[in-house]
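Each remark here refers to the structure printed beneath this line.
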Amino acid sequence: MKIGFGKVNKLAMIPEENAGIIPIVTPTPLEIQAGERIDLKTGLVVRVPEGYILGIQSEPSILVHKGLEVLGPTFVAPEDEAELIIPLLNVGKGQLNLHSGMQVAVALLHVIEPVEIETFSPEEPKVLKRPPRRPRSDPFKFEVS
């Protein structure tokens, strides 16, 4: 599957071919304060083939170790021809210093298919009936029966 990448900023970095996971990197150094939200301009325009969308999400190890989260959902559709801008939030307790070329997110290609909507008239809403709970004598003691 081919995805097109174009640069609108000469510092932007086009990802190299990879095994289905596309790394997204910052083109310039950034400082993000704790709790601060920024819109990262990647300098890239992405061309996605018809029938697909590109989903941008947090990279798990970056989220855990650095506290950098992609606010989402962030998607690129086939008709999108604008610069890829990713909303980021520093959920850590300190300032983040990101250098140029540092990975901040990942992109995954997803297949989309047309959905047929079917309408119906339910006869009567179903109510789930659960047996009542038995009160325990001591709420902090687990009783085995």
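Per full-length UniProt numbering, the sequence shown runs over residues 1 to 145.
We treat Cβ as the ideally placed atom computed from N, Cα and C, and that holds for glycine.
- Collapsing the DSSP output to three states places lysine 41 in a strand.
- Taking C-alpha positions only, isoleucine 21 is separated from serine 58 by approximately 12 angstroms.
- Counting the other CB atoms within 10 Å of its CB gives glycine 43 a total of 16 or more, which places it among the buried residues.
- Using a Cβ distance threshold of 8 angstroms, valine 91 and glycine 51 do not count as a contacting pair.
- Within the DSSP bridge table, the entry for lysine 7 names Leu44 as partners.
- For leucine 71, there is no enclosing beta strand (DSSP E), as DSSP marks it with neither H nor E.
- In this structure, the beta-carbon distance from isoleucine 24 to alanine 82 does not fall below 8 angstroms.
- The distance from the Cβ of leucine 88 to that of leucine 40 is about 5 angstroms, consistent with a contact at the 8 angstroms cut-off.
- Apart from sequence neighbours up to five positions away, the residues of its chain that approach aspartate 80 with a beta-carbon distance below 8 angstroms are Val46, Val48, ordered along the chain.
- Closest by C-alpha distance to glutamate 113, out of His99, Ala77, Thr28, is Ala77.
- Check the Cα spacing between glycine 101 and each of Ile14, Ile3, Met1: the tightest is with Ile14.
- Counting along the chain, leucine 128 sits inside no beta strand (DSSP E), nor does DSSP assign it H or E at all.
- Annotation: isoleucine 53 to valine 127 spans about 38 angstroms, alpha carbon to alpha carbon.
- For isoleucine 53, the pairing in a beta bridge is given by DSSP as His110.
- Excluding its 5 nearest sequence neighbours in each direction, leucine 108 has C-beta neighbours in its own chain below 8 angstroms: Gly20, Ile21, Ile22, Leu54, Gly55, Gln57, listed in chain order.
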